[in-house]
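Structure first, then comments.
Protein chains: 2
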Amino acid sequence: MTLIHRLSTADSDFQAKLNTLLAFESSQDKAIEEAVTDILQAVKTKGDQAVLSYSQQFDHVTAQSMAELEIPLSDCQKALDNLPVTQRQALEKAAERVRLYHEHQKTPSWHYTEEDGTVLGQKITPMDRVGLYVPGGKAAYPSSVLMNAIPAKVAGVSEVVMVTPTPNGQRNPLVLAAAAVAGVDRVMAIGGAQAVAALAYGTETIAQVDKIVGPGNAFVAAAKRRVFGLVGIDMIAGPSEILIIADGHTPADWIAMDLFSQAEHDELAQAILLCPDLAYLDAVEASIARQLSAMPRHEIIATSLKNRGALIHVRDLEQACEIANFIAPEHLEISTQNAAELSEKIRHAGAIFMGAYSSEALGDYCAGPNHVLPTSRTARFSSPLGVYDFQKRSSLIQVSHQGAQTLGKIASELAYGEGLQAHARSAEYRLDSMEK
Amino acid sequence: MTLIHRLSTADSDFQAKLNTLLAFESSQDKAIEEAVTDILQAVKTKGDQAVLSYSQQFDHVTAQSMAELEIPLSDCQKALDNLPVTQRQALEKAAERVRLYHEHQKTPSWHYTEEDGTVLGQKITPMDRVGLYVPGGKAAYPSSVLMNAIPAKVAGVSEVVMVTPTPNGQRNPLVLAAAAVAGVDRVMAIGGAQAVAALAYGTETIAQVDKIVGPGNAFVAAAKRRVFGLVGIDMIAGPSEILIIADGHTPADWIAMDLFSQAEHDELAQAILLCPDLAYLDAVEASIARQLSAMPRHEIIATSLKNRGALIHVRDLEQACEIANFIAPEHLEISTQNAAELSEKIRHAGAIFMGAYSSEALGDYCAGPNHVLPTSRTARFSSPLGVYDFQKRSSLIQVSHQGAQTLGKIASELAYGEGLQAHARSAEYRLDSMEK
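Those sequence lines, one after another, are chains A and B. All the letters of the first sequence, read from the start, carry residue numbers 1 to 436 under the numbering used here. All the letters of the second sequence, read from the start, carry residue numbers 1001 to 1436 under the numbering used here.
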């Protein structure tokens, strides 16, 4: 039985095989689309009543009013206080490091003054209100609360509203504790498309937000797609991926475990290793075989590695970098001795981990950078979630009397060329020669 | 006959009336959606052959190969050389100012080193290849070529590919001239959903791009929505808008013409004036009545003002700013004596024009800031097109041996909490206590 694909860039059909391995089409289920359309419409027109009714239906909550579905911040603080001390400290330390890193992403407004007194610039302001979706049940990760809420707060967002379903009324204390640590401003025990709709349209008790972020199931993703434009949304994430470039100096067990740490997320997760040393690839494969059965999530890992994983023999590390740029992986580990140098050849990757000690798991929780990263080759054009995702810019234009004389002539010339005479006349009104 | 709505914030139903005025739902036509789905699929599977065939069908071009649909850069340079000298100079001066402004948007990569030697940072890189859609026919604006292509080139994008349909083989010389000025790298005479598909999937002669920007008709917009995720796209723009806050010191004719300059774009464009001085609102209305018939596009202007325009009497300028923040307009003119001061109260607007000499038309062409701006209240969460739209970030994480000892313990604690044992083990492998 094959544990994991073995490929070589020397194979004549390597690129075709790689394309097959990478292929992933996010399915858009028609039944889900239709259900979501109905839910959005109901919440848009009926507000709280619809949200409450869907929550009773889907989450089996007993609440009879939206007020009962609000989780007081004091409950979040209590959840934090009740954590075992090492867990609480780990959460707080992680939050502190994430906050510190994201502080570096703040960019100031700027402007400059031209010789004629005209001032041009760009003003950077935070969004007013942001919605954070946190899944209920098994996929509820406190680290995800930190990674989504902290950049928003660092950006200066006044109100971060967290929504998270509580199936059968069951709350996840770790998620609530993380909300307290991250400084979330309001928590509602609602989920699904109805929660997305409430945030996007606003209801009697929930104010419309400017942007919705955070992971969710197919219903949540479909709802986010639908409300995009009315509010901002973050990327709809595909399956998680790791690509490792190794030179053979990192213990094979470490690399095998790094591949596992990606594969354990779900069966569709993708873990790929590139190495020019065939013996090392064999050693990693042997380590996979040896370590797999001891992993509690070994079934998920085995399926992921078998279907979507690969150990790829490359000509050299240069070629490995070329392949990495093609794949544009979510996570790239450069587990080599000259990692920093090699990283300069990388143009496309969500996060670049350099050196044997930089395992992806450290980045997932507490190194500081965000763990919400572009998947499925989208690192070619998109970025990790950051402070910049919770701010927006306004152009500043203050044309002086003198400046209007120069700019007015250029603008009217071009406006006439485009057949927009009112544009031209508006510019010409500001010319001294026309005023009189 | 009403020329333009008159509202007052003192009306008890003011907010409801304002909401009605602002309401705009971008229709998604089912027939268009289906046609676009077919076109995308055909180009995805048949490549150039499909693009050529659709171009023959829709644009009535006589070309028999894709090579014939490529417009050589030398033709663009010739188009520029053949422009009247004042027009050429205006185009070049506008481009120079746009370039200068956008240079200020470049942000550097950064990193910091922690005490234990761990290095964290963010690397900023340009996209490799960007597609620029430019409509054919009447809505073909050379200024739009500058505004879309220049930020991409400033960002460092290696290849900007412009696509523009040439109905019946007719080329727009101003658009080609603008492409030469902006430094576009390749021009293809193709358009519609088939051009978007070619850029998104790649064909034998057109390489896949990382992002597609630029305005287009309903087919182009639907195609862009569909390929989003495979490539990046810019915002799908709604109708253009201007909101003017006036204190009554700017000549009424100027303000009327500024409203016209928005309204002339199309019947759905929106032009609104806020002023605390009732007599001034009357003067602007009289000026509208007086100036309208002389405008070549008076029919479009009249329809736009009648259906979607408004002169709104406000209590004071403070209240005007509150309304502006609610509307989050694409263009905001603050035509008052204390414009800079008032602008500090503005949180949401695509572009803020300050003072009587800063007419929007100057910003549309040559002030420097981008004229591609968020519409339909999306300035609450999005920004003018800029250099940042053609760059992306990669997190940098280089954990030192010592750093892994601290971070590993935090990460494994949190990973066990989330039930992700491989994550925990991967972190623990880097601990000295576990290595031995």
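Here a beta-carbon is modelled for each residue, glycine too, at the ideal position from N, C-alpha and C. Computed from a predicted model, the values in this text were never measured in an experiment.
If the criterion is Cβ atoms closer than 8 Å, does the pair residue i and residue j meet it?
{"i": "Q1402/B", "j": "G1117/B", "result": "yes"}
{"i": "A1149/B", "j": "V1184/B", "result": "yes"}
{"i": "H5/A", "j": "A263/A", "result": "no"}
{"i": "E1333/B", "j": "I1242/B", "result": "yes"}
{"i": "Y101/A", "j": "I1410/B", "result": "no"}
{"i": "L362/A", "j": "L1407/B", "result": "yes"}
{"i": "G238/A", "j": "D59/A", "result": "no"}
{"i": "S55/A", "j": "Q194/A", "result": "yes"}
{"i": "G417/A", "j": "L1174/B", "result": "yes"}
{"i": "A1246/B", "j": "Y1280/B", "result": "yes"}
{"i": "M147/A", "j": "P374/A", "result": "no"}
{"i": "L292/A", "j": "I300/A", "result": "no"}
{"i": "K46/A", "j": "Y201/A", "result": "no"}
{"i": "A180/A", "j": "A79/A", "result": "yes"}
{"i": "Y1357/B", "j": "S240/A", "result": "no"}
{"i": "A1222/B", "j": "V1061/B", "result": "no"}
{"i": "G248/A", "j": "Q1398/B", "result": "no"}
{"i": "H371/A", "j": "S143/A", "result": "yes"}
{"i": "A1252/B", "j": "S1304/B", "result": "no"}
{"i": "L268/A", "j": "R225/A", "result": "no"}
{"i": "I1071/B", "j": "A1189/B", "result": "yes"}
{"i": "I255/A", "j": "S335/A", "result": "yes"}
{"i": "S1261/B", "j": "S426/A", "result": "yes"}
{"i": "R1297/B", "j": "Q421/A", "result": "yes"}
{"i": "T1002/B", "j": "K1306/B", "result": "yes"}
{"i": "G368/A", "j": "R97/A", "result": "yes"}
Which residue marks the beginning of the alpha helix (DSSP H) containing residue i, and which one marks its end?
{"i": "A1227/B", "result": "Contrary to the premise, residue 1227/B reads as Val rather than Ala in this sequence. V1227/B -> alpha helix (DSSP H) spans A1218 to V1227."}
{"i": "E1442/B", "result": "For residue 1442/B there is no data in the structure shown, the boundaries of chain B being 1001 and 1436."}
{"i": "I1212/B", "result": "Run containing I1212/B: none in the alpha helix (DSSP H); it sits in the beta strand (DSSP E), K1211 to V1213."}
{"i": "K106/A", "result": "Per DSSP, K106/A belongs to no alpha helix (DSSP H) and is neither H nor E."}
{"i": "A1269/B", "result": "Neither: A1269/B is in no alpha helix (DSSP H) and is coded neither H nor E."}
{"i": "L259/A", "result": "A252 to A263"}
{"i": "Q991/B", "result": "Since the first residue shown for chain B is 1001 and the last is 1436, residue 991/B is missing from the structure and cannot be characterised."}
What are the boundary residues of the beta strand (DSSP E) that includes residue i?
{"i": "V1098/B", "result": "Segment V1085 to E1103 is the alpha helix (DSSP H) holding V1098/B; no beta strand (DSSP E) there."}
{"i": "A283/A", "result": "No beta strand (DSSP E) holds A283/A; the alpha helix (DSSP H) holding it covers L278 to L292."}
{"i": "K306/A", "result": "That residue, K306/A, is in no beta strand (DSSP E); its alpha helix (DSSP H) goes H298 to R308."}
{"i": "T1113/B", "result": "W1110 to T1113"}
{"i": "M354/A", "result": "A351 to M354"}
{"i": "A1246/B", "result": "E1241 to A1246"}
Exercise for review: Could you tell me which uninterrupted alpha helix (DSSP H) segments, each at least 4 residues in length, are contained entirely in the stretch 1122-1191 of chain B, listed from first to last along the chain?
Suggested key: Counting only runs of 4+ residues, the alpha helix (DSSP H) found wholly inside the stretch 1122-1191 of chain B occupies 1142-1155 and 1173-1182, in chain order.
Review point. Is the stretch 1121-1132 of chain B touching the stretch 1150-1166 of chain B in the sense that three or more CB pairs, one from each, lie closer than 8 Å?
Key: Because the criterion of three Cβ pairs below 8 Å is met, the stretch 1150-1166 of chain B and the stretch 1121-1132 of chain B touch.
Review point. Going along the chain, which unbroken runs of the alpha helix (DSSP H) with 4 or more residues stay wholly within the stretch 8-82 of chain A?
Key: Fully enclosed alpha helix (DSSP H) runs of no fewer than 4 residues occupy 14-22, 30-46, 48-59 and 73-81 of the stretch 8-82 of chain A, in order along the chain.
Check your understanding: In chain order, what residues of the stretch 1272-1303 of chain B put their CB closer than 8 Å to some CB of chain A?
Key -> Residues M1295, P1296, R1297 and I1301.
Check your understanding: Is the stretch 205-224 of chain A close to the stretch 132-145 of chain A, with three or more CB pairs under 8 Å?
Key -> Between the stretch 205-224 of chain A and the stretch 132-145 of chain A there are three or more C-beta pairs closer than 8 Å, enough to call the two in contact.
Check your understanding: Touching or not, the stretch 378-396 of chain A and the stretch 1343-1360 of chain B, by the rule of three or more beta carbon pairs under 8 Å?
Key -> They touch, by the three-pair rule.
Check your understanding: Between the stretch 189-211 of chain A and chain B, which residues of the former have CB atoms less than 7 Å from a CB of the latter, in chain order?
Key -> Cβ contacts with chain B come from D210 and K211.
**Study point:** Ranges of the beta strand (DSSP E) found wholly within the stretch 1331-1410 of chain B, counting only runs of at least 3
**Key:** For the stretch 1331-1410 of chain B, the continuous beta strand (DSSP E) assignments of 3+ residues that do not extend past its boundaries occur at 1331-1335, 1351-1354 and 1391-1398, in sequence order.
Point to revise | Residues in the stretch 1313-1329 of chain B having any Cβ partner in chain A nearer than 7 Å | key: If the cut-off is 7 Å between Cβ atoms, the stretch 1313-1329 of chain B has nothing near chain A.
Point to revise | Chain-ordered residues of the stretch 236-268 of chain A with a beta carbon less than 9 Å from chain B | key: With the criterion set as a beta carbon lying under 9 Å from some beta carbon of chain B, the members of the stretch 236-268 of chain A are I236, G238, P251, D253, W254, M257, D258, L259, F260, S261, Q262, A263, E264 and H265, in sequence order.
Practice item. Can you give me, in chain order, the residues of the stretch 354-366 of chain A that have a beta carbon less than 9 Å from any beta carbon in chain B? Key: Answer in chain order: M354, G355, A356, Y357, S358, S359, E360, A361, L362, G363, D364, Y365 and C366.
Exercise for review: With 7 Å as the C-beta to C-beta threshold (strictly closer), list the residues of the stretch 410-425 of chain A near chain B in chain order.
Suggested key: Answer set for the stretch 410-425 of chain A: I410, A411, E413, L414, A415, G417, E418, L420, Q421, A422, H423 and R425.
Practice item. Using a Cβ-Cβ cut-off of less than 8 Å, give me the residues of the stretch 390-410 of chain A that come near chain B, in sequence order. Key: Hits within the stretch, in order: K392, R393, S394, S395, L396, I397, Q398, V399, S400, H401, G403, A404, L407, G408, K409 and I410.
Practice item. With 8 Å as the limit, tell me which residues of the stretch 1135-1166 of chain B have their beta carbon closer than that to any beta carbon of chain A; keep them in chain order. Key: Under the 8 Å Cβ criterion, the stretch 1135-1166 of chain B contributes K1138, Y1141, P1142 and S1143.
Practice item. Taking only beta carbons into account, state which residues of the stretch 76-88 of chain A come closer than 8 Å to chain B, listed in chain order. Key: With the criterion set as a beta carbon lying under 8 Å from some beta carbon of chain B, the members of the stretch 76-88 of chain A are T86 and Q87, in sequence order.
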